[in-house]
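Residue numbers (UniProt numbering): 1 to 108.
C-beta atoms are modelled at their ideal positions from N, C-alpha and C, and glycine is treated no differently.
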Amino acid sequence: MAPDLELKSKEALVDENYYLVYDLFYKAIGLNPNNADLYADRAQVNIKVNNLTNAVVDANKAIELNPSHSKAYLRKGKVCIMLEECETAKASLEMGASLAPGDSRFTD
């Protein structure tokens, strides 16, 4: 992420201005469309604003770009729980846990 976009997104996160954060991630992805971290982070913002369909799309894109991105599996698992897609959530969380053993976010 460009340094100015990163700084602005962190400030907007502190202010809980998720729509601005989403816009900043959108711009950052436009500059770096192959960065799995950006998609995984935007998935989290989509979860915060209850845009669950786009959260799944972003998590899936992060996984496509980096199949060992544990955070993307965590985000996908969380949103699938919210969508009551229990089998998909379970598979995502299990995969993420296997990629990040000892990460308590997968067991809490």
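Could you check the C-alpha separation between residue i and residue j for me, to the nearest Å?
i, j, result
"D103", "N50", "25 Å"
"M95", "I29", "25 Å"
"A59", "N32", "16 Å"
"V56", "K90", "14 Å"
"A97", "L7", "30 Å"
Quick check on residue i: buried or exposed, where buried means 16 or more other Cβ atoms within 10 Å of its Cβ?
i, result
"Y19", "exposed"
"residue 153", "Lying before the first or after the last residue shown, residue 153 is absent from the chain, which here runs from 1 to 108."
"S68", "exposed"
"D34", "Sequence inspection shows Asn at residue 34; the Asp mentioned does not correspond to that position. N34 should be labelled exposed."
"V45", "buried"
What is the residue span of the alpha helix (DSSP H) that residue i lies within?
i, result
"L65", "L52 to L65"
"G30", "Y18 to L31"
"E72", "First, the residue type needs correcting, since residue 72 is Ala and not Glu in the sequence shown. Per DSSP, A72 belongs to the alpha helix (DSSP H) from S70 to M82."
"A89", "C86 to L99"
Which residue's Cα is closest to the Cα of residue i: the options?
i, options, result
"Y22", "N35, A89, K76 and L5", "L5"
"A43", "G77, L99 and S98", "G77"
"A100", "L24, N54 and Y73", "Y73"
"L83", "S70, S98, I47 and K71", "I47"
"V79", "S70, T53, N66 and S98", "T53"
"L65", "A40, K10 and D15", "A40"
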